């Protein structure tokens, strides 16, 4: 796993950057506690996923102390605006929000998975708040969903996936019902 790769990177004296943008959805898999023990491990975190702060573009990095000077000298002076800073501090202090959000997403994921099975759409398990769906022609499915006001991600340009996959997000109960209805209509057409 990631810990073994981090150990190998340390032995090779090579930095390993781990993107934990979605780790709040599967917290048992984080390597954040290893940063203090491994001078070659860098962990990136995003606050835009679990806290729904995507428009603010806020996150942070945990890096070995010897790299802080180099990082500070190579970054722009105003990388995070005041609004994002204040929202980030408020978000981190609201533990109830995270718990409520995770419970909601878990419930909606179960609903979506049952719906995908019912309409015969192959999906891949995800700990995060999105699914990879095999839909036949991804570009066509993407376009049809877009025309119906539903945003999906055509994954045709994802290396190794080919042209059959789209990615959809777990959203509100109303949006998830609508997604399933539209997917069912598209699949039956």
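Numbering (the numbering used here), first residue to last: 363 to 551.
All C-beta atoms, glycine included, are put in the ideal place defined by N, C-alpha and C.
Note that the structure is a prediction, hence the values are computed from the model and not measured.
(message) Using the Cβ count rule (16 or more neighbours within 10 Å means buried), how would you classify residue 450?
(response) buried
(message) Can you check which of these residues, 372, 413 and 534, is closest to residue 386 by C-alpha distance?
(response) 413
(request) Starting from the C-beta of residue 524, find all residues in its chain whose C-beta is less than 8 Å away, skip the five residues before and the five after it, and write them out in chain order. (result) 518
(request) Give a yes or no on whether the minimum CB-CB distance between residue 427 and chain C is below 9 Å. (result) Structure shown: chain C not included; a single protein chain is present.
(message) For residue 523, report the span of its beta strand (DSSP E) as first-last.
(response) That residue, residue 523, is in no beta strand (DSSP E); it is neither H nor E in DSSP.
(request) Can you grab the Cα-Cα spacing for the pair residue 504 / residue 482, in whole Å? (result) 17 Å
(request) Measure the C-alpha to C-alpha separation of residue 447 and residue 389 and round it to an integer number of angstroms. (result) 23 Å
(request) Determine the extent of the beta strand (DSSP E) in which residue 424 is found, giving its start and end residues. (result) 421 to 424
(request) Indicate whether residue 418 and residue 407 have their beta-carbon atoms separated by less than 9 Å. (result) no
(message) Please identify the residue among 542, 533 and 369 whose C-alpha is closest to the C-alpha of residue 490.
(response) 533
(message) Taking the straight line between their C-alpha atoms, what separation do you get for residue 511 and residue 548?
(response) 13 Å
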